[in-house]
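What follows is one structure encoded as structure tokens, with my remarks underneath.
In full-length UniProt numbering, the protein residues as written are 1 to 470.
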């Protein structure tokens, strides 16, 4: 694309805001009529004002320490930080195992969960175990010796899955080794590691909450546990990236339906992209896009086939572009002036007293509703009280991400003035965003069918992974 595209959405910073903008629109609640426009964009503002992205596990709490209450405490000693255990007895039979679970079950709303142990001392026999057990597991037995448990044992390298007899699995481990256990929710498998390498995997045939579990069973066996409070020896991030690439490769191998050629599919994708640029008034980038695509494919136009209607999103393209640029640049007075000239029906014009009365009436309904909206509206009103609002505690509302929300609101209001507009949803979401919303819903549905296990769709992560692959 040529340099003209820098005027709207093609620079690096603007590309980042565009991906953020797409992600917010793909997760925000959907307005159902014209009266919901304010609520819709308040939700976008609330999402945009979050100080940090949400946790990878969907808000679930992860294990942080060992549970000294639910353990076979008579056979082991747990350190004061609850991250180390030592076997202090002389084992006489199979019920003398020192077992302890984590304080919380493994979180499930993520791609994978993982934890590690460091074997400080293999003791007399090296009968150390690591794995996962159910909440009601008998706490005087090795993980894997009882139903609803799975464990990788150090003395023989065997894997035990719910019965006393193990199966050959991997190498033994002893003093100085770092051993890990994890759950891959995409493949529904347990995986185990030793000294930074995967030892093997096995199908996860256990249901319900699963607790990270460790065991010691001979004199002086001592291990430290790492629940992520420090870097793992095994590169779990690389493991997850590899798993995502495997999933992507599987998707890319899916053949197109017989009635859709690759060329037709490409044109359809380009139509979707073009509709996004049209919808948000990125006129300069649209011109560059059309110029770049002209040499490789037939002219692109959004006809009414498959639900496309170019005329609706072509409406007031130049005016919407101008207003977006002014708002993003912080030139609010100029933007108001243009709005009053071009679309007086969307701007309340009056003196200060009338503005205060209007604000009291209109804002009251937000204070009576959702608490998160109440806080956001209070912050917005607080901006008026500061001579230098950018330096105040509500200065985050003046950041670029929030200007983007204002620009989107104005864009939707102008599209709503189009007398030919048939669908108000078309004013709120581009075709691309509707696809993303559908994709998000499908991913969540697939996760629910998998026992609510696995990660949801995150646009930022997909874009980041695509950039890394390029």
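Note that beta-carbon positions come from the ideal geometry of N, C-alpha and C, so glycine has one too.
- An exposed status is given to residue 422, since fewer than 16 other beta-carbon atoms sit within 10 Å of its beta-carbon.
- In terms of Cβ geometry, residue 276 and residue 411 do not form a close pair [threshold 8 Å].
- For residue 410, the enclosing alpha helix (DSSP H) begins and ends at 400-416.
- For residue 248, the enclosing alpha helix (DSSP H) begins and ends at 236-252.
- Judged by DSSP in its simplified three-state form, residue 83 adopts coil rather than helix or strand.
- Under the three-state reduction of DSSP, residue 100 is assigned to strand.
- Contact between residue 216 and residue 87 is confirmed by a C-beta separation of about 4 Å, below the 8 Å threshold.
- Put simply, of 191, 175, 184 the residue whose alpha carbon is nearest the alpha carbon of residue 152 is 191.
- Under the three-pair Cβ rule at 8 Å, the region 184-200 counts as touching the region 232-242.
- Residue 233 carries a coil assignment under DSSP once its states are collapsed to helix, strand and coil.
- With a cut-off of 8 Å on Cβ pairs, the region 142-151 is not in contact with the region 236-253, counting fewer than three such pairs.
- In the three-state scheme derived from DSSP, where H, G and I count as helix and E and B as strand, residue 269 is classed as helix.
- Taken through DSSP and simplified to helix, strand or coil, residue 200 comes out as strand.
- Secondary structure at residue 212: strand, using DSSP grouped into helix, strand and coil.
- The count of Cβ pairs closer than 8 Å, one atom from the region 157-173 and one from the region 247-263, stays below three, leaving the stretches out of contact.
- Burial is judged here by how many other beta carbons sit within 10 angstroms of a residue's own beta carbon; residue 449 has fewer than 16 and is exposed.
- With fewer than 16 neighbouring CB atoms inside 10 Å of its own CB, residue 337 falls in the exposed class.
- Beta-bridge annotation (DSSP): residue 459 is not paired with any residue.
- Secondary structure at residue 226: strand, using DSSP grouped into helix, strand and coil.
- Note that the C-beta distance between residue 221 and residue 128 is below 8 Å.
- Taken through DSSP and simplified to helix, strand or coil, residue 162 comes out as coil.
- Under DSSP, residue 184 forms a beta bridge with 112, 189.
- Put simply, of 437, 315, 362 the residue whose alpha carbon is nearest the alpha carbon of residue 415 is 315.
- About 10 Å separates the beta carbons of residue 272 and residue 436, which is beyond the 8 Å limit, so they are not a contact pair.
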